[in-house]
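Visitor:
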Amino acid sequence: MEHFYRWYHTDAGPDGVEIRDGETALRIRPVLPGVVRVELKREVRWQPLHPPARGIEEPVPDGGEDRPTLSAREQGGSLTVDAGGGLRIRIDPEPVRLTFERLPPDAEPLSPARAELLTAGVTVGWDGWQVGTDFTAGPADRFYGGGAPGQFEGPPWLEWSGRRAPIWNKHLPGPAARLLFPVFWSLRGYGVVFDSPWPAEIDFRAVRPGQGGPWHYRADGGSLAFYFLAGDGLPDLLDRYTRLTGRPALPPLWALGYLQSRYGYRNRAEVEAVAREMRERQIPCDGLILDLYWFRRMGELDWDEEAFPDPLGMLRDLHRAGFRVVVIEEPYVLVGTRVFEEGRARGFLVRRPEADGGDPYTFPFWAGGDAALVDFSHPEARRWWAAEHERLARMGIDGWWTDLNEPEQHYPDMIHHGGPAAAVHNLQALRMIEAVYRGQKAAFPERRVFVMSRSGWMGMQRYGAAVWSGDVDTTWEALRAQPALGLGMGLVGVPYWNSDVGGFLEHRGQVDPELYLRWLEFAAFTPLLRPHAAFQPREPWAFGPEAERLAREVIRLRYRLLPYLYTCAWEAHRTGLPLMRPLVLAHPDDERVRDLRDQFYVGPDLLVAPVLEKGARRRRVYLPGGEWYEWHTARLRQGGRHRLARAPLGQPPVFVRAGAILPLTEPGAHAGPLPWDSLHLAVFPGPPGAGESLVYEDDGETEAYRDGQYTLTRLRWWQEAGALTVSAEPEGRDGHARPLRRWSVQVRVPEPPGRVVFHPGGHPGRAPHELRRQPSARALRESPGGWHYDPRTRTVRVAVPEATAALRVRLEW
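In the working numbering, the protein residues as written are 1 to 813.
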């Protein structure tokens, strides 16, 4: 690769620095504190027909902050740039080389103060149409991010040392399904985000843990631009990244419930029968997802009213029963459909080259005839697609499922409004999601959007989009691949991920009850929970009475955890932290978790180790340092070591961090409404003798949370001489109600307390009332209040006899 070698002119100001040699310029511009954009520009005699495609729409700095400014000085042939936010860049010539450093907090700008080296150097250059960068990793570098590597090319990985992959999203045809963004983080506190949708390669093959080595990025076209982010660890980098690309939108509460799907429900009678069975069998369920059969032909975006008569009436009845309806769509439209004819007339379909007539590019498609591809690179095409969804949203459709949108069939000679196919391929899904989002917003501006997409790009999270892992095999091998895929997507700013519970492709293996249950156990702790399959049942009763019983309990556990999960969703919106987290996110210095990809955190306090092997009833689990409670037995375990955990069917190994206080609720037929009418606080005491967390609540449906209309309830527990106290204090925002609710508490303690008291209204200044000890757990459930101690699990359970907004309970010995 030919490198930018030296510069002869420097133009430096508070808004950026540019160095050039006449034909080539390198520009560095501040974006956010600790974030700069680096762009290589080459002057050529020709100009592209369309401006370079970009996936990142830079934000205005939030929180009242001003955009950082730069200062620069030349010394000894080098240029030193203070970029703000503690980031300094040294630029050396021959070839031009950038070295990024983090300044100590008290260092003066441009001072010679000792700095922490973030990366040994970056060079930029080109080779014909190809552009790229060369980096040098240090011995302490370990790299994460990217997203979901090809899951059929071998076991997906979490850490990138020794790996290489193409940045070209694809699914079918072929086995190499992948969804990768050019976003990579180092444990040394920096990240690189390449702002180009062109086909590219990322190559870490020469990087060795503990040794470092060179790595590179090469794109097959476009201009070279990347963002360099400096931060204090992976959580801080995700915070900066989601400020750059957009905060994850908070989903509607129902989207975190159980979403039943199958390819497919062929008519209204089948859909209503599934809904009726869910309620009669007392299996919590919030969503019903309709695959291809809701329309007659692909691309019509109109109900097949022979199969689904009176669709408005059907949607109304399902809503009354507590169900939400999600429908599938694709970016392809079959020749002869209404949407094809409109798209052709208005120039909104991908075209053939002008030499071949410039007509819509049609091709044989598996869905029943020739098809064309909607050109989502065209702004007017996106508005047209949005108008279709405004109409559908007003009919009562609640969510959207964008399938095949890599796009699945995309030919190299296709011509888009935004340029050649290679320039827009990776952006196609993002622009489709944007169109769907804007369509629902046109109908209901106040309502949150839920989109489940098979592909996407950087920034999709700001449109309320989730992803799933695609058409996975019905095998144990496919199940084993799923945790790493979900963890990878969380590390590129997409916190909502799911997989087809039980597997999708039935021709590669028939699902048995054990595989279905183990997959369901895993999925119950992933951000979204959705069974799905091709031409196979995935309803819990399809696998026999015992499997149905166990599935019901697993789904009910998911619903018990909803207050905790919804609070994690709020944290994802606020900071970019995913719900499903690799252990390295919290323990970057623990070598044993650096590439641990078959167990994960859910939020800060739950550790889940799904069972991924057929016939296993135990599995090896690594517990990080500290103390941990087994979820199902409340037994206390020491961390910093591996343990062999029991794992009977229906009970995957789950551990709770000692010191945590988890908000739970009683499962209902479906999620909500908010605020929760009852909360159960599960306290897991541990050092240092106190702990706290939050419960987040809003209306669960609208965008009012963005204006501060929500309630945070601060949960605390603490120990003092001879007592343990549990409290809950709501903090309303902008008049948001402090809800009255029923409270219960459970605490693991080595022996029963002498007495338990509660303060009416949760006010410590009011005289405490002593609660009566009940002889059994059943007696406690049937009484208006009291407490019971279970010597088997060493757990005290407390029921507060009145509905209050705040809580204060004290156990005394």
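Each residue gets a CB set at the ideal place from its N, CA and C atoms; glycine is no exception. As the structure is a prediction and not an experimental result, all values here were calculated from the model.
#1: Which of the three DSSP states, helix, strand or coil, is assigned to T69?
#2: So, R538 versus G502, is the Cβ gap smaller than 8 angstroms?
#3: Can you give me the Cβ contacts of P752 inside the same chain, cut-off strictly under 6 angstroms, excluding the 5 residues immediately before and after it?
#4: Mind reading off the beta-carbon distance from W168 to P199? Whole number of angstroms is fine, and I expect it under 8 angstroms.
#5: Between P784 and the rest of its own chain, which residues show a CB-CB distance below 8 angstroms, the 5 nearest in sequence each way excluded?
#6: Do the region 331-338 and the region 400-420 meet, that is, are 3 or more Cβ pairs less than 8 angstroms apart?
#7: Counting C-beta neighbours from all protein chains within 10 Å, is the total for K170 16 or more, i.e. buried, or is it exposed?
#8: To the nearest angstrom, how far is the alpha carbon of L694 from that of A386?
#9: Going by beta carbon distance, what residues of the same chain come within less than 6 angstroms of Y516, once the five residues before and after it are set aside?
#10: Are there 16 or more other CB atoms within 10 angstroms of the CB of H763, so buried, or fewer, so exposed?
#11: Identify every residue that forms a DSSP beta bridge with V17.
#12: Check K41 in the structure and name its three-state DSSP category.
#13: Starting from H680 and walking both ways along the beta strand (DSSP E), at which residues does that stretch end?
#14: Tell me the rounded alpha-carbon separation between F204 and L529.
#15: For G343, count neighbouring C-beta atoms within 10 Å of its own C-beta (all shown protein chains included) and say buried if the count is 16 or more, exposed if not.
#16: Tell me the rounded alpha-carbon separation between G823 and W294.
#17: Rounded to whole angstroms, how far is the Cβ of A275 from the Cβ of F323, which I believe are closer than 8 angstroms?
#18: Write down the C-beta distance between D500 and V472 rounded to the nearest angstrom, noting that I regard them as a contact closer than 8 angstroms.
#19: To the nearest angstrom, how far is it from the Cα of S776 to the Cα of P251?
#20: Suppose you measure from the CA of G689 to the CA of V683; what does that come to, to the nearest Å?
#21: Would you identify the three-state DSSP class for Q461, choosing helix, strand or coil?
#22: Work out the CA separation of I28 and V17 for me, nearest whole Å.
#23: Write down every uninterrupted run of the beta strand (DSSP E) in the region 306-350 whose length is 3 residues or greater and which is fully enclosed by it, in chain order.
#24: What is the rounded straight-line gap between the Cα of Q709 and the Cα of G640?
#25: Grouping DSSP H, G and I as helix and E and B as strand, with all else coil, what is R240?
#26: Looking at C-alpha atoms only, which residue of R592, G470, Y566, L612 is the closest neighbour of H642?
#27: Note down the Cα distance separating A452 from G212, rounded to an integer number of angstroms.
#28: Please identify the residue among R637, M489, E270, I19 whose C-alpha is closest to the C-alpha of L179.
#29: May I have a chain-ordered list of the beta strand (DSSP E) segments no shorter than 3 residues that lie completely inside the region 202-270?
#30: Just curious, the alpha helix (DSSP H) that E406 is in, first and last residue?
#31: Could you pull out every residue in the same chain whose Cβ sits closer than 7 angstroms to the Cβ of R618, ignoring the five residues on either side in sequence?
#32: Is A658 near E630, with beta carbons less than 8 angstroms apart?
#33: Spatial neighbours of M460 within its chain, please: C-beta separation below 6 angstroms, excluding the five flanking residues on both sides.
#34: Just how far apart, CA to CA, sit T10 and Y227?
#35: Can you tell me which of the three DSSP states I283 falls into?
#36: Helix, strand or coil, according to DSSP, for G439 in the structure here?
Guide: On the basis of the supplied data:
#1: coil
#2: yes
#3: Y789
#4: 5 angstroms
#5: A799, P801
#6: yes
#7: buried
#8: 37 angstroms
#9: G502, F543
#10: exposed
#11: A12, I28
#12: strand
#13: 678-683
#14: 33 angstroms
#15: buried
#16: Given that the chain is displayed from residue 1 to residue 813, the structure contains no residue 823 and the question cannot be resolved.
#17: 6 angstroms
#18: 6 angstroms
#19: 40 angstroms
#20: 11 angstroms
#21: helix
#22: 5 angstroms
#23: 324-329, 332-334
#24: 41 angstroms
#25: helix
#26: R592
#27: Inspection of the sequence shows that residue 452 is occupied by Met rather than by Ala. M452 and G212: Cα-Cα distance of roughly 38 angstroms.
#28: M489
#29: 213-219, 224-230, 259-262
#30: Segment: none, E406 is in no alpha helix (DSSP H) and carries neither H nor E.
#31: L644, A645, R646, A647
#32: no
#33: L430, I433
#34: 21 angstroms
#35: coil
#36: helix
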